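Encoded as structure tokens, the structure appears first; notes follow it.
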Amino acid sequence: MAKANASARDTDRAFNLAQRDDRGLTFSSVARGAAKNVIPDDKLTFNEVCEAKIALLACMEEVGWEQDHLDAFMRFFLTIENHELRVRPHGKETLVRYVATTRAAWYAARRMVKMKFGISPLFAATDSTTSKSS
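Heads up, this note's numbering is the position in the sequence shown plus 206, with the first residue counted as 1.
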């Protein structure tokens, strides 16, 4: 049973299911493993996330991402860098996990269906918090 589960997980990592423009579905292959020196997003420090976002945004722009996606990611990272959790115990670690999870979910949603996936739930929580204190 454990061997079958491990095999299923390998298959899950090897292929992505994607929707074609004609509404059909197709499988696309995925690299089986990350490069040796790549640190998973959730293992980065808060400062490393802040530094990496500069390269991420530059690469997104370089390969022609739509401006509304770039703007959304810029607002997302600006909100993360200025969020009140930064100064709380374990706040930075929590924000790093939030960035990793939200970014991964956004990419997965974009791959599965060509629809917009907002990364703004954090903005809504922040906006309601700040408007109460104003």
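Think of the CB as a built atom: it goes at the ideal place given N, C-alpha and C, for glycine as much as any other residue.
All figures in this text were calculated on a predicted structure; none of them were measured in a lab.
Original post:
Below 8 Å, can you find three or more Cβ-Cβ pairs linking the segment 251–265 to the segment 294–310?
Top reply: yes
Subject >> Which of helix, strand or coil DSSP assigns to THR428 >> reply: Outside the modelled stretch of the chain, which goes from 207 to 340, sits residue 428, for which no answer is possible.
Subject >> Cα-Cα separation, GLU299 to GLY270 >> reply: 31 Å
Subject >> For ASN253, the nearest candidate out of ALA314, PHE283, ALA278 (CA to CA) >> reply: PHE283
Original post:
Using 8 Å as the limit for Cβ to Cβ distance, is TYR304 near chain C?
Top reply: As a matter of chain content, chain C is missing from the structure shown, which is built from one protein chain.
Original post:
Between which two residues does the alpha helix (DSSP H) containing ILE260 stretch?
Top reply: 252–268
Original post:
Nearest CA to the CA of LYS249: which residue from MET280, VAL305, MET318?
Top reply: VAL305
**OP:** Note the first and the last residue of the continuous alpha helix (DSSP H) segment covering HIS275.
**Re:** 273–287
Original post:
Cβ atoms of LEU276 and ILE286: under 8 Å apart, would you say?
Top reply: no
Subject >> Beta-carbon proximity list for ASP247, same chain, < 8 Å, skipping 5 on both sides >> reply: VAL255, VAL302, VAL305, ALA306, ARG309, ALA310
Subject >> Close Cβ partners of LYS242 (< 6 Å) along its chain, the five nearest in sequence each way excluded >> reply: none
Original post:
Once you ignore the five residues that flank GLU267 on each side, which residues in its own chain have a CB closer than 8 Å to its CB?
Top reply: LEU276
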